[in-house]
Amino acid sequence: IDEELVALISSLLSAQLKLARVADRERRNSELSDALAQTDALTGLLNRRGWDKITRDAQERLDAFGDSVSVAVIDLNGLKQVNDSQGHAAGDLLLQRTGEILRGKSTESCRVARYGGDEFMILANGVAPSQTEAYFSVFKESLEEAGIPAAIGFYSAQPGSTNIDQCIAAADALMYQQKYQSRVRPNNNS
3 IDEELVALIS SLLSAQLKLA RVADRERRNS ELSDALAQTD ALTGLLNRRG
53 WDKITRDAQE RLDAFGDSVS VAVIDLNGLK QVNDSQGHAA GDLLLQRTGE
103 ILRGKSTESC RVARYGGDEF MILANGVAPS QTEAYFSVFK ESLEEAGIPA
153 AIGFYSAQPG STNIDQCIAA ADALMYQQKY QSRVRPNNNS
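In our numbering, the protein residues as written are 3 to 192.
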């Protein structure tokens with residue numbers, strides 16, 4: 003075998019390996035950047051940008067296939083009081099704990115996001131409207147068991163009648179209704 007040919011093949015293989023490593027490093031850096039751009043730094047959940055991406059995808063599937071999609075909006079009660087009385091580090095711990103609980107109760111078919119401040123969102127794929135209340139009650143009960151007061155509203159998208167944005171708005175309205183009702187004294191008999 004010609005030594006020059008062996009040297010040329012060796013040189014080409016080395017160059018190919020270097021290019022493959024550079025391409026792989028760039029791909030990983032791009033994936034990492036994309037993931038970081040869509041992840042809430044405090045909780046490790048999706049952030050608003052990530053949430054917007056998954057809701058666009060869910061809307062496309064709802065339009066194309068009529069897939070069942072339900073959404074929950076969760077708002078913590080009392081985060082401001084925690085921040086004011088115990089400091090922002092305690093408030094951050096409360097947000098992190100909430101994120102851990104929501105992530106721990108989520109299934110493979112749902113995505114959890116910290117939408118902003120003390121508001122969290124859950125998008126559940128494949129949850130039929132008749133199962134929505136039971137599905138999301140697990141999250142509410144888990145937060146209650148951990149001593150984290152929160153209001154939750156949920157709603158199911160309906161192909162051809164309720165899109166994802168309307169679903170989110172309805173869930174948000176129900177969450178605020180629950181938040182308001184929790185402020186009314188349950189023992190008030192008037």
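All C-beta atoms in this analysis are idealised placements derived from N, C-alpha and C, irrespective of residue type, glycine included.
Which one or two residues does DSSP pair with residue i in a beta bridge?
i    : result
F122 : I76, R116
L48  : T41, A115
A159 : A159 pairs with nothing; no bridge assigned.
A152 : L78
T164 : Q160
V193 : Residue 193 is absent from the model: the chain starts at 3 and stops at 192.
V216 : No information on residue 216 is available, as it lies outside the stretch 3 to 192 that the chain covers here.
So what's residue i in DSSP terms, helix, strand or just coil?
i    : result
T134 : helix
G2   : Residue 2 lies beyond the range of the chain shown here (3 to 192); nothing can be said about it.
V129 : coil
S184 : helix
G89  : coil
D4   : coil
Is it the case that the Cβ atoms of residue i and residue j are separated by a distance below 8 Å?
i    : j    : result
V71  : M177 : no
A1   : G162 : With the chain running from 3 to 192 in the structure shown, residue 1 is simply not present.
T100 : I56  : no
E121 : D77  : yes
A60  : I166 : yes
L125 : C112 : yes
N79  : K181 : yes
G118 : R50  : yes
V73  : Y137 : no
A153 : S184 : yes
R105 : L47  : yes
L194 : I103 : With the chain covering only 3 through 192, there is no way to say anything about residue 194.
I'd like the list of long-range same chain contacts for residue i, defined as Cβ closer than 7 Å, with 5 residues on each side in sequence excluded.
i   : result
L81 : G93, L96, D120
G52 : Q40, T41, A115
Take residue i and list the residues in its own chain whose beta-carbon comes closer than 6 Å to its own, dropping the five residues that flank it on each side.
i    : result
G128 : S70, S111
Q160 : none
K142 : I154
With a threshold of 8 Å on Cβ separation, who are the neighbours of residue i within its own chain once the five nearest residues in sequence on each side are excluded?
i    : result
F67  : none
A172 : G155, Y157, T164
How about residue i: is its Cβ closer than 7 Å to a heavy atom in the ligand NAP?
i    : result
P161 : Questions concerning the ligand NAP fall outside what the structure shown contains, since it holds no ligand whatsoever.
State whether the segment 38 to 47 contacts the segment 15 to 30, with contact taken as three or more CB pairs (one from each stretch) at a distance under 8 Å. no
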